[in-house]
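Chemist: First the structure, then my questions, so here it is.
Chains as they are written, first to last, in my numbering: chain A, 7 to 301; chain Z, 817 to 1102; chain H, -8 to 261.
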């Protein structure tokens, strides 16, 4: 097992404490994100996912509990917070709404320039980041971000965070609102960043299919608490528990669950269409009726 | 089922944005299409397929560059018919925050009927009916910004409903919602179709949602690429791939099983259907 | 940053008091009368009567007294400045000198004048905030529209003003939330919003203001299309679901306010 990169211990967050608008977003969350893993963070709307990840880079301070990043405890208000923000890159929902510069190049350069890097270094980072998200720096760099398609704008926003050279990349619903083509593009870029750039990835998503395809481990939040923390395959095999809080399982896995409920000896820890197909073929071939009808 | 009666007819519609300038874009190209009364039609396609441009022609928010759109006998180019067309065909848009006008739910629903110049008592009655029909009556006095995405979209649907329309166009109305919100909105739309006989045109790029429609029209680069029942459309796997669209996962699984020699019949679109077929196959009684 | 979330506009205090139940038009007119009266008062006795009437109105409205005075907080500096300036320069030259501060002399007449003007300001602020405490923004917009309606022929855009106010109120929470999100997103990219001189800080706002404007324009665009799709074509031919009706209580309230005003203005002469 690799070493932990983000650790939360007894993390509780209360918004507007002491006012009539007080609301508890997280209660006593213990969580470890390990270096190099891809962690899926799922849960119904309002379960505290966004609040949780904002603690990873010091944008929110714990009401109670503690948070460590890369071995250092985050204490807001100190210079350390800036250091932590560099280590944990956070992408909010619809991140293209944060673009503001006249050119793609300048927008991606915003982060590195805030770090006070010299122009050559900035240039190098911008080019590298744009390449990671599949945008040619020479072609896209001089263009206005507002002239791009929705999917391209979103990739520019991701590049803007990558240019900080974070160790951990947190993506909040990175595919929301995109068409199938745009979604595939973003997901394959994220997969590449995880596998080739060896980034630790935390993926917040409503799409169980996306989590199933990308992540090794899934943490389910429900009403501000950790409801389930398990390897992806184990998690989706517990369809009843997930459904009890209004979450889906991948629809192909759902077919297996129904076969199992009818008494067929199928394994339900299969996630992708190909895996499920394989499993059904395996079980049906072992089935008497199937063999006899073949003959 | 009785013979379908046409409600909206689109004849050879072409729409060009910024005509005669260097930014000229031909968004819709020679599209002909009929929306029938009380049908649930899904209009799917990727970004830039022209689906939203087409949708905005259905209630005269855009007018054809070439061709004609006729709503219940009224031509959308006729300025006299404009407000009657907008009453007959209501629209719900993508961003729930950017279509709610008032600071109280019931006053927002009243916005449309107020524009029609109806007497106050009738407006109040329609508002109540509309909010009840979408299951939001208990939230009538709440502030819209405190509602969930799905609830906001249901308020928007109620706002359209209070105009007593014949057709509701959901212009990517589920795109920004979470799965729960999507389910709420679709359930509401299906119920209105069944109970009130209102036609629904659902514009989406979510194939699982399109699979629940009576009929699917696939747009690609401004033209109709495929048209038919969901079962017909989703059988054409290769074609959909070329159009850069997804298949519903169950359709994809059925295709995979067929390739492995398991003769899945028809085109199951939901997990229950496929599982039942497989079970019948191995002789398990369900 | 969390403070943005608790920000409420208009300071409406929902209660079921008789003042709340009045027609918004009555309250707008009454407040206008009171504002005029407060400027016409010439003596302390009049101010005293005014203050007593206002205190009674606040009590009747069930708005906590402390809350009613909170409207003064943002302007305490202005009040203090008024008082000080009046003390030193308010009295006519040659009044009774109380004490000196360098070349400036504080006079007894100045002190009296200063207290008078400050008291007048306080009463002005409390009267107008009583209107916003007891009338929801929606009612206010409605009341304004209907009061201005007769002046439409003179070119007063009554409906447009009310619609603008409603839409502004509707979008304030949305834009506040959005500002918070954009600030956080830029901070996550290393933006420093709280250090440096004024110029640096002003420049640090660009990455927040540009996306905010872009989004506000997009919202305005989409809202315009949505309103058009719902048959909106301006105020012409439009009806309203909620009707405003003057009732007996409005007549009584009007009479009470007029009576109190008369008492305030003539109390000095009795």
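By construction, the Cβ of each residue, glycine as well, lies at the ideal position given by its N, Cα and C atoms.
1. Which ranges would you report for the beta strand (DSSP E) in the stretch 951 to 994 of chain Z if only whole runs of at least 3 residues count?
2. What residues from chain A crowd round residue 987 of chain Z, counting only those whose CB sits closer than 8 angstroms?
3. I'd like the list of long-range same chain contacts for residue 178 of chain A, defined as Cβ closer than 7 angstroms, with 5 residues on each side in sequence excluded.
4. Quick one: grab the DSSP three-state call for residue 820 of chain Z.
5. Residues of chain A with CB closer than 7 angstroms to the CB of residue 177 of chain H, please, in chain order.
6. DSSP on residue 30 of chain A, reduced to helix/strand/coil?
7. Verify whether the separation of the beta carbon atoms of residue 213 of chain A and residue 168 of chain A is less than 7 angstroms.
8. Compare the Cα-Cα distances from residue 178 of chain H to each of A:29, A:81, A:13 and A:88 and report the closest residue.
9. Am I right that residue 116 of chain H and residue 62 of chain H are in contact with their C-beta atoms under 8 angstroms? What's the rounded C-beta distance?
10. Exposed or buried, which one is residue 127 of chain A when buried takes at least 16 other CB atoms within 10 Å?
11. Are the Cβ atoms of residue 998 of chain Z and residue 1004 of chain Z separated by less than 7 angstroms?
12. Figure out for me which residue from Z:852, Z:994 and Z:833 has the closest Cα to the Cα of residue 821 of chain Z.
13. Tell me whether the beta-carbon of residue 920 of chain Z lies closer than 7 angstroms to the beta-carbon of residue 943 of chain Z.
14. How would you call residue 954 of chain Z, buried or exposed, if buried means at least 16 neighbouring beta carbons within 10 angstroms?
15. Taking the beta carbon of residue 253 of chain H as the centre, do at least 16 other beta carbons fall within 10 Å, making it buried, or is it exposed?
16. Where residue 100 of chain H and residue 258 of chain H are concerned, what is the direct C-alpha to C-alpha distance, given to the nearest angstrom?
17. Closer than 7 angstroms between beta carbons: that is the criterion. Which residues of the stretch 111 to 140 of chain A meet it against chain H?
18. Starting from residue 125 of chain A, follow the alpha helix (DSSP H) in both directions and report where the run begins and ends.
19. Which value, in whole angstroms, describes the spacing of the CA atoms of residue 1030 of chain Z and residue 860 of chain Z?
20. How about residue 1066 of chain Z and residue 1084 of chain Z: do their beta carbons lie closer than 7 angstroms?
21. Expressed to the nearest angstrom, what Euclidean distance is found between the alpha-carbon atoms of residue 175 of chain H and residue 188 of chain H?
22. In three-state terms, what does DSSP make of residue 232 of chain H?
23. Compare the Cα-Cα distances from residue 19 of chain A to each of A:243, A:112, A:121 and A:36 and report the closest residue.
24. From residue 829 of chain Z to residue 841 of chain Z, what does the alpha carbon distance come to, in whole angstroms?
25. Identify, in the order they occur along the chain, each residue of the same chain with its Cβ nearer than 8 angstroms to the Cβ of residue 132 of chain A, setting aside the five sequence neighbours on each side.
26. If we count Cβ pairs, one from each stretch, closer than 8 angstroms, do we get three or more for the stretch 1055 to 1073 of chain Z versus the stretch 277 to 292 of chain A?
27. How many Å lie between residue 898 of chain Z and residue 46 of chain H at the Cα?
28. Looking at the C-beta of residue 24 of chain A, does it have a partner C-beta in chain H at a distance below 7 angstroms?
29. Counting only Cβ pairs nearer than 8 angstroms, list the residues of chain Z close to residue 128 of chain H.
30. Quick one: does residue 228 of chain A have its CB under 7 angstroms from some CB of chain Z?
31. Return the CA-CA distance between residue 173 of chain A and residue 90 of chain A, expressed in angstroms with no decimal places.
32. Pull up the distance between the alpha-carbon of residue 1124 of chain Z and that of residue 904 of chain Z, whole angstroms please.
33. What is the DSSP secondary structure of residue 194 of chain A, reduced to helix, strand or coil?
34. Can you tell which of A:154, A:28, A:274 and A:121 has the C-alpha that lies nearest to the C-alpha of residue 242 of chain A?
35. For residue 70 of chain A, which three-state DSSP category applies?
36. With three or more C-beta pairs closer than 8 angstroms as the rule, is the stretch 865 to 875 of chain Z touching the stretch 831 to 849 of chain Z?
Modeler: In terms of the structure at hand:
1. 983 to 987
2. None at all; the shortest Cβ gap to chain A is about 13 angstroms.
3. Only 56, 59, 97, 98, 99 and 210 meet the Cβ criterion.
4. coil
5. 104
6. strand
7. no
8. A:88
9. Here residue 116 of chain H really is in contact with residue 62 of chain H; their C-beta atoms are around 5 angstroms apart, less than 8 angstroms.
10. exposed
11. no
12. Proximity to residue 821 of chain Z across Z:852, Z:994 and Z:833 peaks at Z:852, based on C-alpha coordinates.
13. No, they are not a contact pair.
14. exposed
15. exposed
16. 22 angstroms
17. Here the close residues are 116, 117, 120 and 121.
18. 125 to 138
19. 13 angstroms
20. yes
21. 21 angstroms
22. coil
23. A:36
24. Cα-Cα distance, rounded: 14 angstroms.
25. 111, 114, 115, 118, 143, 147, 165 and 169
26. yes
27. 55 angstroms
28. no
29. From the beta-carbon of residue 128 of chain H, the residues of chain Z found nearer than 8 angstroms are 919.
30. Taking Cβ atoms only, chain Z never reaches closer than 7 angstroms to residue 228 of chain A, which makes this a no.
31. 10 angstroms
32. As shown, chain Z starts at 817 and ends at 1102. That puts residue 1124 of chain Z outside it, with no answer to give.
33. It is helical.
34. A:274
35. strand
36. yes
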